[in-house]
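Position one of the sequence shown corresponds to residue -11 (our numbering), numbered consecutively onward.
Think of the CB as a built atom: it goes at the ideal place given N, C-alpha and C, for glycine as much as any other residue.
Below: one structure, written as structure tokens.
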Amino acid sequence: MATSKKLEIIYHDGQPDGIRSVRRHLSTVTTYVIPRTMLSDAKNISGINRPGIYYLINEDEDNNIAQIYIGQTRNGISRLDDHNRSKDFWNKAIMFLADNKTFSLDIISGLEEYAISKAWESKRYKVENSVKPKYDIDEYDLVSIEEIYDEIKFVMATLGYKLENTQENTKNAQILHTTRNGITALGVYSGDKFDVLEGSEINMDKPVHLPKYNKQRQELLDDGHIISENGKSILKITLTFNTPSGASNFVLGGSTNGWAEWKNSDGKTLDELFRKS
């Protein structure tokens, strides 16, 4: 039986998409979600100058992470002032801060290195960290770092952001496929989001009926996340969509019904698997 977890959320300005602090029951780590436009207001929150690590993210039109930067801070939110002046891409900061006993300098540096490595491995979004920190994690610190990162990953997921490696996400999931007009793509449905997996083929010759997906295709092509191999356009990262139809539209072009397009190895459609089971 799965272990229950309790989260407490404070909406500091009374708005669901404003400044929030999130804390798991009995944890020493507090998460702060800060829209960039509210950075000055967030500085007045008690405890927000403690040490930890942070994620700067840029969300796409579907509220999925498109770009991400990870860093460490020894003085909490004050570190974000530099990024507010020097980095244009981000629209939200998510900080994980704890007391000095929980986050020693070794733990902070190790956690930063570990989180950046996991972001690169995930192949879900563009990672703005161009250089990996030169820090060797001590084997005695690794257990603590892994435990803290698991909490970070859990809280980020409750906020709607997937951090895990693509292989971790699909290890125990049912792989679905869609095949049409010589295009083959693979995906996983969580019951909430739909992931189109790395290695899927994209029909770039057929535009999608929604302009935002055509724009996304071009951006991925420009960034090298869609490449040409043997005359086919291949996706080199995993993409997350809010609906199965959004995923099949992006892959196949035109307007499609993802509940009918995505099938398992036995030929059962997503509709049969999730709606009629």
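Taking only three categories from DSSP, how would you classify R168?
Here the question's residue 168 lines up with position 180 in the sequence shown. Three-state DSSP puts R168 in a strand.
Contact defined as beta carbons within less than 8 Å: I believe L274 pairs with I133. What is the distance between those atoms, to the nearest angstrom?
It is not possible to answer for residue 274, since the shown part of the chain is limited to -11 through 265.
CB I65 to CB A103, shorter than 8 Å?
Your numbering for residue 65 matches position 77 in the sequence shown. Your numbering for residue 103 matches position 115 in the sequence shown. Cβ distance not < 8 Å, so I65 and A103 don't count as in contact.
Please state if the CB of K220 and the CB of E260 are separated by a distance shorter than 8 Å.
Position 272 of the sequence shown, counted from the start, is the residue given in the question as residue 260. Position 232 of the sequence shown, counted from the start, is the residue given in the question as residue 220. Contact flag unset, no.
Only counting runs of 3 or more residues, tell me where the beta strand (DSSP E) segments fall wholly within the segment 47 to 92, in order along the chain.
53 to 61, 80 to 85
Using a Cβ distance threshold of 8 Å, determine whether the segment 243 to 250 contacts the segment 162 to 171, with at least three qualifying pairs required.
yes
Give the DSSP-derived three-state secondary structure of T231 in the structure shown.
Position 243 of the sequence shown, counted from the start, is the residue given in the question as residue 231. In this structure, T231 counts as coil in the three-state DSSP scheme.
Using a Cβ distance threshold of 8 Å, determine whether the segment 213 to 227 contacts the segment 169 to 185, with at least three qualifying pairs required.
yes
Taking 8 Å as the cut-off, does the segment 75 to 91 touch the segment 6 to 25 (at least 3 CB pairs, one atom from each stretch)?
yes
My guess is that I41 and Q55 are in contact by the Cβ rule of under 8 Å, so how many angstroms apart are they, rounded?
Here residue 41 refers to the residue found at position 53 when the sequence shown is read from its first residue. Here residue 55 refers to the residue found at position 67 when the sequence shown is read from its first residue. Rounded, the Cβ-Cβ distance is 17 Å, inconsistent with contact.
Could you compute how far the alpha carbon of H0 sits from the alpha carbon of L27?
Reading the sequence shown from its first residue, position 12 is the one you call residue 0. Reading the sequence shown from its first residue, position 39 is the one you call residue 27. Approximately 13 Å, taken between the alpha carbons.
Anticipated Cβ contact below 8 Å, W78 with R24, distance rounded:
Position 90 of the sequence shown holds residue 78. Position 36 of the sequence shown holds residue 24. Right, the Cβ-Cβ distance comes to about 6 Å (below 8 Å), so this counts as a contact.
Determine the extent of the beta strand (DSSP E) in which L223 is found, giving its start and end residues.
Your numbering for residue 223 matches position 235 in the sequence shown. Run containing L223: 220 to 223, per the beta strand (DSSP E) assignment.
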